[in-house]
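Structure, as C-alpha cells:
2 protein chains.
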Amino acid sequence: MTKKILLRKSSDLPCEEAIFTDMGIILDSGYELNDFRISFKSYGTLNNDKSNAILICHALTADQFVTNNNPITGKEGWWSNMVGPGKSIDTNKFYVICSNVLGGCIGSTGPKEIKSDTKSPYGIKFPTITIKDMVKVQKILIDEIKIDKLYAVIGASMGAMQVLQWIIDYPEKINNSIHIAGALKHSAQNIAFHEVGRQAIMSDPNWHNGNYLIKNTKPERGLSVARMIAHITYLSEEALHRKFGRKLQSRDLVSFGFDADFQVESYLRYQGSSFVKRFDANSYLYMTRAMDYFDVSEIFEKNMNFNTENNDHIHHCVISFTSDWLFPTNENKEIVKILNRTNKKVSFTEIVTDKGHDSFLLEETDFYKTISGFLNSNINGRL
Amino acid sequence: MTKKILLRKSSDLPCEEAIFTDMGIILDSGYELNDFRISFKSYGTLNNDKSNAILICHALTADQFVTNNNPITGKEGWWSNMVGPGKSIDTNKFYVICSNVLGGCIGSTGPKEIKSDTKSPYGIKFPTITIKDMVKVQKILIDEIKIDKLYAVIGASMGAMQVLQWIIDYPEKINNSIHIAGALKHSAQNIAFHEVGRQAIMSDPNWHNGNYLIKNTKPERGLSVARMIAHITYLSEEALHRKFGRKLQSRDLVSFGFDADFQVESYLRYQGSSFVKRFDANSYLYMTRAMDYFDVSEIFEKNMNFNTENNDHIHHCVISFTSDWLFPTNENKEIVKILNRTNKKVSFTEIVTDKGHDSFLLEETDFYKTISGFLNSNINGRL
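Top to bottom, those sequences are chains A and B. In the numbering used here, each number is its position in the first sequence, counted from 1, plus 2. In the numbering used here, each number is its position in the second sequence, counted from 1, plus 2.
Here it is, written out as C-alpha cells:
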C-alpha cells in the first residue's frame, strides 16, 4: 500500500492546518478507513530538539481551537483561560497542538465529510469510532510532525479518555500525562444520558436516518434537546441553584404557560440553539458512542503491571472536581489507585468547586495552579 | 351560580367513579374553569363516623389506580405493595381514596378532554394548573363524600407537594400528613430536566402546537424522550450501576453501531415506549409545569407560625431516601426544620437505600414500617 501523507496549510478549511492521508487504517470495529484528514491547530513554537510539545485532547463537543479566536464561533477558544503566553499552559514555553478528533465535524474526517468513492457525505455510513481510533490518528499526526516524544498529553472528559488511551497504546511517546475529570470506563448513568440525547436526534424527522445533508436539512431540534440534556449534566445542582435558582426571566410573575419563565429554561434553550449552529448531529452520535464504548479498566491495570519498561518513566497527574457528578472523584481515584499500586509517579488533586463537570472550562485558581505547577516542576527536571 | 355536583359510577370512563360539576372555580392563573370532572378510585370501607379516610395524592405520571388491577395498563396499581388488606396502608382499617389530578389524563378534566363549549379537545388551550388547583378540587371531592376530616393525606414526589398544599390550605381537614420525597420548592436542576422534557415533546412535529388529537396523531417520540430523561432522574447512579452496569443486551460484543448495545439503553427505550401508550403528552407538559411553579417556602413557614390554631393538631411524618438526588434529604429536612421550629408534631425518617427517588415505589422494608408505624400509632391514639 502506498503511504501518502500531506501536511499542509489549507485555506478552504476551518482547520488551517491538516494532514491528509490515503494510508489505510484498520479501526477498532474492523472497518478499513482508506483515506482521512486530521485537522489541527498549533500554538507557540516547537523547540529545536522538539521536546516542548504538548498535545491537548479535546472533549466531546470542543475542537482544535484551544485558544485565541475560534473561526467557527467567532469567540475565544474553549481553553483560552488556560492556554496562552504566560498562562498555566504557557505557549511561550510550550508548543501546544490540538487536533479535531476523528469522527468530529471541524475539519477532520467525520460523518459530514464527503466519502471519496461515493462523492456523498458519509452520514450514518461512517464507521463507528472509538477513543482508541482517535488516539491512533493523533499518533500518526504527531509522527508526521516528527515529534519523538510529547512533553505532555492533557485532556479533560472525553479528552481524559484519550489521555488514558495514549498511556496504554503509546507510553513511549509521552513524558507526562494530565488526566482531568475522566474515568476508566463510562458509567451506566452516563451511557443513559447519552442514549437519550441520541434518541432525541434520531427521533427528529429531519434526521432522515442520518442522510439529512443530502436532503439539505438538519435535525436541529433533536440536536438542541440532546445538548440541553447534556448541559444539565455538565453543571452541578449547587451551580444551577447559585446561578439561577428560581429566578424569572425578564418578568415579575410567571406566565402561566410554556414560555421560558425561569432563567434556567431560557439559558438551556440558548445553549441548545447556539450549539446546533456549530455542531453536526451525526458527529454527536458518533462521539457519544465512542465515550459509551470506552472501558479500559482491565487493560489499563494490566499494562501498568506488565509493560513497566515502557511506561515507568511517565509522570501522571490526575485531577477531579468535588461537584462533578458526571465523572465523580471516586471514578478518577480508580486511576490513581492503579497507578499507585503499580508504583508509578502520580499526583492527584481534587479541586473544591461547586461548578460541576464544566469546572475544567471555568475559572478555578487551584486548578490552574495544579496544571502549571505540575508542568513547571517537570520542566525544571527535564526540559 | 348554580352549584351542581354529580357523584356517580361511570362505566364509560376508566375512572369508575367520578364527580362532575358545573360549579365554576377560579384557578391560580385567574382562569375560570366552568365545569370539570374529577375521577377517583376508593379501596376499603368508610366507617360510620367517616374518620378512617386516607387521601393518597399521586405523583407526576401515576393515577388513581393505587392498588389491585389498573384497567389502563392491565397491571397492578402503582402502590399495590403499600396499599391493601394487611399492608402498610391497610384497607381493612382504612378507606383509601385517590383521585386523578386536575390536568391529568386518566378520567379527570385535562388537556385531552373535550371542552364543553367548543366540542373539541382543550389541547394547549387548557389552563395552566398549579398544585394548589389540584388540591382545591380534591377538597371539593372530599367534601362531596361528606368526609369532615381526613385521617391522613399521603403523597410522594408531586404527591408530596400536594400534601404540603393541603397543610397550608385546608389544615382543619386533616389529622395526619405523610410527606415522602418532596420539597418546599422545585429546584433549578429539576426545572431544567422538566424543561428539556417539554422541549422534546414540543419539538416533535406530531405535537402540532398541542393540537395533535384533532390531527389524529400523537407526539410519541418526543414524549418517549421526555420519559427517558425523567426516568434517569428517578434512579440513582448506584442503582443503575448495580442493575445494569455496562452489561450488554442479548449480545457478547458491542455492535459498533447505534443499536441498544447496553442493557441500560434497552431498558430506557422500553420505559419510553411503554409510557406513551398510557400517558397524554399535553398532560405531561401541564403536570411538569405545575411542579416547576411549586414554591411554598414562604407561605408554609408563615402558616405554621401564625395559623397555629388551625394546624397545631396535625401529626406530620416526613420521609426521604438517601440516594434520591431529585428530592434530596436536605430539601425534605427544610420542611422538618420549619415544623420543629414552629413546635409541630413531626417525625422524620431518612431511609437508607440505593434505589433513588423511585424508592417510594419499590420494596423497602424500613419504608413500609415507617408508614405503618406512623399510621397505627395514631390509630391507637385517635381512631
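Every residue, glycine too, gets a C-beta built ideally from N, C-alpha and C.
Straight-line Cα distance separating residue j from residue i
| i | j | result |
| --- | --- | --- |
| phenylalanine 308 of chain B | phenylalanine 323 of chain B | 30 Å |
| alanine 202 of chain B | isoleucine 169 of chain A | 40 Å |
| tyrosine 214 of chain B | serine 205 of chain B | 13 Å |
| isoleucine 28 of chain B | glutamate 366 of chain B | 40 Å |
| leucine 341 of chain B | valine 348 of chain B | 7 Å |
| aspartate 37 of chain B | glycine 26 of chain B | 6 Å |
| aspartate 1 of chain A | valine 155 of chain A | Missing from the structure shown is residue 1 of chain A; chain A here goes from 3 to 385 and no further. |
| glycine 112 of chain A | tyrosine 124 of chain A | 7 Å |
| glycine 383 of chain A | leucine 255 of chain B | Note on glycine 383 of chain A: pLDDT 41, under 50, position unreliable in the model; the coordinate value appears next. Glycine 383 of chain A and leucine 255 of chain B: Cα-Cα distance of roughly 45 Å. |
| aspartate 65 of chain B | histidine 181 of chain B | 18 Å |
| valine 227 of chain B | isoleucine 149 of chain B | 41 Å |
| aspartate 314 of chain A | glutamate 240 of chain A | 40 Å |
| asparagine 83 of chain A | lysine 304 of chain A | 36 Å |
| asparagine 54 of chain A | threonine 331 of chain B | 50 Å |
| alanine 20 of chain B | phenylalanine 42 of chain B | 6 Å |
Residue-level contact to chain A via CB, residue i, 9 Å cutoff
| i | result |
| --- | --- |
| valine 103 of chain B | no |
| phenylalanine 258 of chain B | yes |
| threonine 219 of chain B | no |
| proline 129 of chain B | yes |
| valine 137 of chain B | no |
| aspartate 360 of chain B | no |
| aspartate 263 of chain B | yes |
Closer than 9 Å at the beta carbon, the chain A residues around residue i
| i | result |
| --- | --- |
| alanine 292 of chain B | Chain A residues near alanine 292 of chain B: none, gap ~11 Å exceeds 9 Å. |
Continuous beta strand (DSSP E) stretch holding residue i: start and end
| i | result |
| --- | --- |
| isoleucine 203 of chain B | Premise fails: isoleucine 203 of chain B lies in the alpha helix (DSSP H), 190–205, not in any beta strand (DSSP E). |
| histidine 210 of chain A | First-last for histidine 210 of chain A: undefined, no H or E at that position. |
| valine 98 of chain A | 97–101 |
| alanine 20 of chain A | 19–23 |
| isoleucine 108 of chain A | First-last for isoleucine 108 of chain A: undefined, no H or E at that position. |
Chain-ordered chain A contacts of residue i [CB-CB under 7 Å]
| i | result |
| --- | --- |
| proline 207 of chain B | Pro207 |
| alanine 194 of chain B | Ile234, Leu242, Val266 and Leu270 |
| arginine 248 of chain B | Lys187, Ala190 and Asp297 |
| serine 31 of chain B | Phe258 |
| glutamate 239 of chain B | Ser189 and Gln191 |
Neighbourhood of residue i by C-beta distance below 6 Å, restricted to the same chain and skipping five residues each side
| i | result |
| --- | --- |
| threonine 4 of chain B | Any reading at threonine 4 of chain B must be qualified, since the residue scores a pLDDT of 41, below 50, and its modelled position is unreliable; the value itself is stated next. Around threonine 4 of chain B: no qualifying Cβ. |
| asparagine 334 of chain B | Val320 and Ser322 |
| glutamate 222 of chain B | Val278 |
| valine 354 of chain A | Thr324 |
| threonine 351 of chain A | Ile321 and Thr372 |
| asparagine 378 of chain B | none |
Interface partners of residue i on chain B, CB under 7 Å
| i | result |
| --- | --- |
| histidine 243 of chain A | Ser189 and Ala190 |
| alanine 202 of chain A | Ala202 and Val227 |
Test: residue i CB closer than 9 Å to a CB of chain B
| i | result |
| --- | --- |
| asparagine 382 of chain A | Since pLDDT at asparagine 382 of chain A reaches only 40, below the 50 mark, its modelled position is unreliable, and the value read off the structure follows with that caveat. So no, asparagine 382 of chain A is outside the interface. |
| methionine 3 of chain A | Confidence at methionine 3 of chain A is low in this model, with a pLDDT of 37, below 50, so the placement of that residue is unreliable and no value is reported for it. |
| isoleucine 27 of chain A | no |
| isoleucine 231 of chain A | yes |
| serine 252 of chain A | no |
| asparagine 334 of chain A | no |
| glycine 274 of chain A | yes |
Start-to-end residues for the alpha helix (DSSP H) that takes in residue i
| i | result |
| --- | --- |
| isoleucine 144 of chain A | 133–146 |
| histidine 318 of chain A | Where histidine 318 of chain A is concerned, there is no enclosing alpha helix (DSSP H), although the beta strand (DSSP E) it sits in stretches over 317–323. |
| isoleucine 337 of chain B | 331–343 |
| alanine 185 of chain A | Taken as a continuous stretch (DSSP letters only), alanine 185 of chain A belongs to no alpha helix (DSSP H), as it is neither H nor E. |
| lysine 43 of chain B | Run containing lysine 43 of chain B: none in the alpha helix (DSSP H); it sits in the beta strand (DSSP E), 38–45. |
| threonine 310 of chain A | 310–313 |
| lysine 2 of chain A | What is shown of chain A runs 3 to 385, which leaves residue 2 of chain A out entirely. |
Any non-hydrogen atom of the ligand SAH within 8 Å of residue i CB
| i | result |
| --- | --- |
| valine 198 of chain B | For the ligand SAH, the structure offers nothing, since it holds no ligand at all. |
Listed by chain order, chain A residues near residue i by CB distance under 8 Å
| i | result |
| --- | --- |
| glycine 224 of chain B | Ser205 |
| leucine 287 of chain B | Phe260 |
8 Å CB neighbourhood of residue i in its chain, flanking five on each side removed
| i | result |
| --- | --- |
| threonine 219 of chain B | Asn208 and His210 |
| valine 85 of chain A | Tyr45, Ile58, Val68, Thr69, Gly79, Ile91, Thr93 and Val98 |
| phenylalanine 376 of chain B | Asn178, Ile180, His317, Cys319 and Ser349 |
| methionine 293 of chain B | Leu62, Ile133, Met160, Met163, His188, Asn192 and His196 |
| glycine 224 of chain A | Ala202, Ile203, Met204, Ser205, Asp206, Asn208, Trp209 and Ala283 |
Chain-ordered neighbours of residue i on chain B, where CB pairs are closer than 8 Å
| i | result |
| --- | --- |
| valine 198 of chain A | Val227, Met230, Ile231, Ile234 and Leu270 |
Other residues of its chain near residue i: CB distance less than 7 Å, five sequence neighbours each side excluded
| i | result |
| --- | --- |
| glycine 88 of chain B | Asn94 |
| cysteine 107 of chain A | Lys114, Phe281, Asp282 and Ser285 |
| valine 338 of chain A | Val320, Val348 and Phe350 |
| alanine 162 of chain B | His181, Ile182, Ala183 and Gly184 |
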